[in-house]
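In the numbering used here, the protein residues as written are 28 to 163.
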């Protein structure tokens, strides 16, 4: 997972460096607590005795990213959404400890993937790795 904040929140030399969960802003733009990735982040925070207060709660990572781009606060979002943010408006830092994000492809079990579908899967893997590399 990746912390994003309005440009100028951290020193420029800290861009894309690990951000300890203890150093997260205490008033984050929050996401729905039923989200499994949010639960992973909250577990990592609770392990270190941290709690947060949020006055803004949103349903999607995209909306959280947009609010950060508009200067409404900081958020913790998935690295794929973070990689698509406007980097002239935000700074991104991967969380420490690392909170992994899994990417799944759902297919029909009884139908094997075609050659073009397998090639598409490889493209998705490469793009996913590229997005994560941009924010880590």
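Beta carbons: idealized from backbone N, C-alpha and C, even for Gly.
Discussion item. Quick check: what's the CA-CA separation for residue 112 versus residue 62?
Written reply: Locating residue 112 in the chain shown gives position 85, where the first residue counts as 1. Locating residue 62 in the chain shown gives position 35, where the first residue counts as 1. For residue 112 and residue 62, the distance between alpha carbons rounds to 21 Å.
Worksheet item: How long is the line joining the alpha carbons of residue 94 and residue 137, rounded to whole angstroms?
Response: For the purposes of this step, residue 94 is identified with residue 67 of the chain shown, where counting begins at 1. For the purposes of this step, residue 137 is identified with residue 110 of the chain shown, where counting begins at 1. Spanning the two alpha carbons is a distance of roughly 43 Å.
Fill in: Touching by the beta-carbon criterion (3+ pairs, under 8 Å), the stretch 144-152 and the stretch 87-105
Touching, no.
Worksheet item: Can you tell me where the beta strand (DSSP E) with residue 117 in it begins and where it stops?
Response: Counting from one through the chain shown, the residue named residue 117 turns up at place 90. Run containing residue 117: 117-123, per the beta strand (DSSP E) assignment.
Discussion item. If you measure between the beta carbons of residue 91 and residue 132, is that distance less than 8 Å?
Written reply: As a working note, residue 91 is residue 64 in the chain shown. As a working note, residue 132 is residue 105 in the chain shown. Not closer than 8 Å, so no.
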